[in-house]
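Following: one structure in structure tokens, then a few remarks.
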Amino acid sequence: MKGLLKYLKPYTKESILAPAFKLVEALLDLIVPLVIADIVNTGVKTGNRQYIIIRFAFLILLAVAGLGFSITAQFFAARASVGFAAALRRDLFSHIQNFSFEKLDKIGTETLITRITGDVAQLQNGVNMVLRLLLRSPFIVFGAMIMAFTINVKAALIFVISIPVLAGVVSAIMWITIPLYKKVQSLLDGVLLTTRENLTGVRVIRAFCKEEEEVKEFDNKNDAFTKMNLFVGRISALLNPATYVLINIATCILFLHAGDSVYTGEMEQGDLLALYNYMAQMIVELVKLASLIITINKALACGERVSAVLKEEPGMAYPDKEEASEEADSNPYTDSEIAVLFDHVSFSYAGSKEDALTDLNFVIHAGETIGIIGGTGSGKSTLVNLIPRFYDATKGSVEVFGRDVKEYAQGELIQNIGVVPQKAVLFAGSIRDNLKWGNENATEEEIARALEISQSSEIVEKKEGKLDEIVEQGGKNFSGGQKQRLTIARALVKNPRILILDDSSSALDYATDLKLRRALKSLDGEMTTFIVSQRTSSIQNADLILVLDDGQIVGSGTHEELLKDCDVYREIYDSQTKDNGEESA
Amino acid sequence: MSKSKSPSAISKLLKFLGRYKLLLLLSLLLSVVTVVLQLYIPVLYGHCIDYAVEKGNVNFEGIHNEVHLLLIFIAIAGVSTYVMGLANNRLTYGIVKNIRAKAIRKIQLLPLSYLDRKGVGDVVSRIITDTDQLSDGLLLGFTQLFSGVVTIIVTLIIMLKMNPWITLLVILLTPLSFFVSKFIATGTYKMFKAQNEIRAEQTALVEEMVGGAGIVHAFGYENRAKERFSENNERLRQAAEKAVFYSSLTNPSTRAVNSVIYACVALMGAYMILNGKLTVGGLSLLLAYANQYMKPFTDISSVITELQNALSCAARVFELLEEPDQVAENNQILADVAGNTDLERVFFSYTKEKPLIEDFNLHIKEGTHVAIVGPTGCGKTTLINLLMRFYDVDKGCIMIDGTGIYDVTRKSLRESYGMVLQETWLKKATVRENIAFGMPDAKEEDIIKAAKEAHSWSFIKRLPQGLNTEIDDSSLSQGQKQLLCITRVMLTLPPMLILDEATSSIDTRTELKIQNAFEKMMEGRTTFIVAHRLSTIRNADIILVMKDGHIVEQGSHDELLDRGGFYRELYYSQFAGVEI
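Protein sequences, first through last, are from chains A and B. Everything in the first sequence is counted per the numbering used here, starting at 400 for the first residue and increasing by one. Everything in the second sequence is counted per the numbering used here, starting at 734 for the first residue and increasing by one.
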């Protein structure tokens, strides 16, 4: 949390001046009751009209000066808090961009998005409020007490006693209710969840005729939520009447006591008026302070969450550029014929006890097409994710073009690899912007060729704006199949030496899939291609097929070899071609 | 627009209040008591000040009497504020609870066409957010508005009684404060709009670059992402600085205007004391009022904006509650279903402009396995919507064992079907509760037996708490979720089955293993199967090949292949790889 303070550092001047100006304004506020007392004690008593006019002018002066100081303070507070938030947001974004896949899995991208957008905005508000109000309110409360001392010591003692009593009551009520509000929130989440479930599952609920049960479950949650709300409400509703009663009792005591003081001449009538005004100022500020504390509490919680993200290590270390190039020079195998080598590679996801991949060994020569097949959860995607070093192997080593993937400098390895992920994602911008993601300087010819191979020329042709057609956020204006083909084009524009297709033709119809594979095949020799698939038809022409089962390679070879030797492969093949009835009999 | 809507929304809400009307009345009554007392108490303080004139001239008895009265009033004001708070809580939370309870019941009765059209997010926000806004804005807003008006009236009465001239002064100067805050608000609006536009851009960028972090890494796009963000962030900083600064001017400015009014009251008051038209205590009261006088006005103006917002929320909530229910059902019970299914001259479309199913006929004997194939959007899922009566046909009839499905209760119709859909839906509950969803009193051994048959047992037993593991939508893989949905149906085994892409996320090898169980389950049961994978439907007795809402071909696998039509084309494209 303290680490976040460094973002305020460039605004040290503003951060000091804002509360300072605010304090001056508060001081002016505190003078007002004294001036009124003067008007009554001296002006009215002596009938000196000029004296009253001068005091009136002074009051106006105080108002104008107060406005000036206050505006200056608001300006500095705005500049400091907004600047703080902007710098924090920039660093947070950059930091998150460096997170490894493992980190992203662990924290979750949804969470990270709310950290950047929601939490930082709350923090900005918190900093702004703190700069403006945190010092002001206590200052007025204690200032009122000190002013009371200057008027009458005995009367001031009433202030001395009532301030801690009031502060105690306010903080006790807040101390009890804040954790309860968290409970209310979680109960509301429950109500929300059940509502959502009732809508998302409406077909299943109706199919199983479970409407009544669902309503009953909702009623229970709704009741619990309402009860909790009423319970918390009973406590927090005490805040206003309690402070009101206390401050007025204090005022009553003040008046009882003041009667004596005025009688003995210790105090004048105007002083009494001033003391009464200070009481009023005090209670206003105490209530403001209470709501400020709630804001600060929220901001602090946001601050904790943001700094927790900033404290996370990026999760993957890279050698620096020079080291990496030295390494490359000294390595005789660089540019070797071996594109990818897995040497006793095992991998498990963070927090999981079981291996996702176990002891993989294989060698892929440059220019080959490799098919990877296996059931759901057999580790196909995990395997290809190790090649561009999205994850680090837990055991063993992965080499690409003769160098351990860990020896590449940041960004160096990925230049050589084009990845087409399972889920086709396009970004807001033009089609051209999207295609140039991996290669900013791609020429029109390169783009055209990539479109050709990926079977997406016709998609672009059909669009009015051609390559400059706008892609909406999330690629909403393209169908699943179109997106998938464009993501393949995007990877090809990079001119990668290795291309990884991670089950990336699932949304294509068979004919297009076939054309795509033929086009890729025609590139033979230029590129090493990995095709991950569940369909044997997609990979049966590969130079080498790796069959995965439960994280292990249970077969490798060509289609024909595997049909002969590999039971798992044959089962998969049969399940997709031959008559199921015969097979299972 | 809001004008035509507001009275109706308010009168609807009043109807909804029911027994809470008394509570609302109590709350309003208490707010009058509170406001009057809170405003009268400073009057008594003024008297106290007047009793303490100077050295040797203090009316102690007067002060004591006033203090006694004060303590009583303070106590009453305190209690009535508290009770009013409780009444408001009970009122708002109670109304919210009732509206939500009504809404969830409404959801069960609404036609699916409405829910599909509106989407989950819209309906959820009506039930959760809009309802909250309605109670906060409309009910609390109303009580605040009421007490604000009472405050202004009572204040004016007391001030007028105290001194009409100073009251006049305050009334004349008040618009100044309004003018200032209005002026600032107009200026701020533009700046906030600019800020919000840039912020929306930023949110979209963050969602893309962080949400798609995987692709950002895969393309080494990190630095360009950072540059784009920094550029936008700097623009946001500049816009936000202006917006935050200008909006924060309102308070100091109105406070300054207020201070000027305060000074004027002090000046005039002092002169009036000199002329004997006012006492010092009276001045103290006028000053206190001058200080607070603005508050109800600013409160009221903010409450009114909130009320407008709340009214549109209320309209949205009532629109949901008043949406017509699905058509009433006949109360015949469909029992002892054999599974003969007939569709006769069925017409159906989601929207009038786009006819989908036209003059559709289908006659199926009990125990027949019907496979429905065809390209996306051809109407396969629509057929299931009609069979399950999620949607009603526009024309024609659907019969089971000769009984029209519109003559029987929805419950008895739907209980005759076991359904597994492509989109897996599981509750946030234990695995056991999810499997036993259709049969809550199922025995443990039956659950395990069903799980074993559906091949879900092997992963269930490896979960941390086995059957008692709490799951939600994201804790299992798509394939595992699908297996659980199959288990759920395996347990109940109704007389007819609907399998809509039931195994789309399960790999073919596991699918093959489940196939046995499926076949056992389907034995003797009329079954409708929708699938992309032709291999899974080859064994069906009848294959319906659909295209654009029509059945273009109909027959067994071999017949259709021989016919050499659309089916053959679909089937052979699967093995195209062989041809290279």
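Glycine is no exception: its CB is placed at the ideal position from the N, C-alpha and C atoms. All values derive from a computational prediction rather than experimental measurement.
If we ignore side chains and look at the alpha-carbon of each, how far apart do residue i and residue j end up?
i	j	result
glycine 1298/B	glutamate 1286/B	8 Å
alanine 951/B	proline 563/A	60 Å
leucine 674/A	arginine 1049/B	52 Å
glutamate 535/A	threonine 471/A	In the sequence as displayed, the identity of residue 535/A is arginine instead of glutamate. Answer to the nearest angstrom: the Cα atoms are 15 Å apart.
tyrosine 580/A	glycine 773/A	49 Å
lysine 1176/B	asparagine 1201/B	14 Å
threonine 1157/B	arginine 831/A	36 Å
aspartate 948/A	glycine 1171/B	34 Å
glutamate 1186/B	lysine 1214/B	15 Å
leucine 1007/B	leucine 1000/B	11 Å
alanine 823/A	glycine 947/B	11 Å
cysteine 1130/B	leucine 1095/B	11 Å
valine 717/B	alanine 657/A	A question about residue 717/B goes unanswered here, because the residues of chain B that appear run from 734 up to 1313.
Would you verify that the beta carbon of residue i is, or is not, closer than 7 Å to some beta carbon of chain A?
i	result
proline 985/B	yes
arginine 850/B	no
lysine 1160/B	yes
threonine 1259/B	no
serine 1289/B	no
methionine 1083/B	Contrary to the premise, residue 1083/B reads as tyrosine rather than methionine in this sequence. Taking Cβ atoms only, chain A never reaches closer than 7 Å to tyrosine 1083/B, which makes this a no.
phenylalanine 1170/B	yes
If you measure from the beta carbon of residue i to each beta carbon in chain B, is any gap under 7 Å?
i	result
valine 439/A	yes
cysteine 608/A	yes
asparagine 628/A	yes
tyrosine 732/A	At tyrosine 732/A the pLDDT is 49, less than 50, meaning the model places this residue with poor confidence; the figure from the coordinates comes in the next sentence. Taking Cβ atoms only, chain B never reaches closer than 7 Å to tyrosine 732/A, which makes this a no.
proline 563/A	no
proline 718/A	no
glutamate 596/A	yes
threonine 516/A	yes
cysteine 651/A	yes
valine 614/A	yes
valine 552/A	no
serine 585/A	no
tyrosine 643/A	yes
Under the criterion of a Cβ to heavy atom distance below 6 Å, does residue i qualify as lining the ligand SAH?
i	result
arginine 970/B	In the structure shown, the ligand SAH is absent, as is every other ligand, since no ligand is present at all.
Is it buried or exposed, residue i, if we count other Cβ atoms within 10 angstroms and call 16 or more buried?
i	result
glycine 1362/B	In this structure chain B extends from 734 to 1313, so residue 1362/B is not present and cannot be described.
leucine 824/B	buried
serine 499/A	buried
glutamate 1148/B	buried
glycine 446/A	exposed
glutamate 843/A	exposed
proline 985/B	buried
arginine 448/A	exposed
arginine 1195/B	exposed
threonine 1084/B	exposed
tyrosine 922/B	exposed
arginine 1296/B	exposed
What does DSSP give as the partner residue(s) for residue i in the beta ladder?
i	result
serine 932/A	Ile772/A
arginine 802/A	Val799/A
valine 739/A	Ile763/A and Val799/A
Please list the partners that residue i has in chain C, where partner means a Cβ-to-Cβ separation under 9 Å.
i	result
lysine 959/B	The structure shown contains no chain C; its protein chains are A and B.
Closer than 9 Å between beta carbons: that is the criterion. Which residues of the region 442-466 of chain A meet it against chain B?
Gly442, Val443, Lys444, Gly446, Arg448, Ile451, Ile452, Arg454, Phe455, Ala456, Phe457, Leu458, Ile459, Leu461, Ala462, Val463, Gly465 and Leu466
Which residues of the region 940-952 of chain B have a Cβ closer than 8 Å to any Cβ of chain A? Give them in chain order.
Glu940, Glu941, Met942, Val943, Gly944, Gly945, Ala946, Gly947, Ile948, Val949, His950, Ala951 and Phe952
Could you name the residues of the region 1193-1208 of chain B whose beta carbon sits closer than 8 Å to any beta carbon of chain A, in the order they occur along the chain?
none
Check distances from the C-beta atoms of the region 833-857 of chain B to those of chain A and list, in chain order, the residues that come in under 7 Å.
Look at the region 833-857 of chain B: the residues with a C-beta under 7 Å from a C-beta of chain A are Arg833, Ala834, Ile837, Arg838, Ile840, Gln841, Leu845, Leu848, Val853, Val856 and Val857.
Chain-ordered residues of the region 742-759 of chain B with a beta carbon less than 9 Å from chain A
Of all residues in the region 742-759 of chain B, none has a Cβ within less than 9 Å of some Cβ in chain A.
Select from the region 815-833 of chain A all residues with a C-beta closer than 7 Å to any C-beta belonging to chain B, and list them in chain order.
From the region 815-833 of chain A, only Val818, Pro820, Val824, Phe826 and Ala827 have a Cβ closer than 7 Å to chain B.
Identify each residue in the region 695-706 of chain A for which the Cβ-Cβ distance to at least one residue of chain B is less than 7 Å, and report them in chain order.
Cβ contacts with chain B come from no residue of the region 695-706 of chain A.
Just by C-beta distance, which residues in the region 657-672 of chain A are closer than 9 Å to chain B?
Cβ contacts with chain B come from Ala657, Gly658, Asp659, Ser660, Val661, Tyr662, Thr663, Gly664, Glu665, Met666, Glu667, Gln668, Gly669, Leu671 and Leu672.
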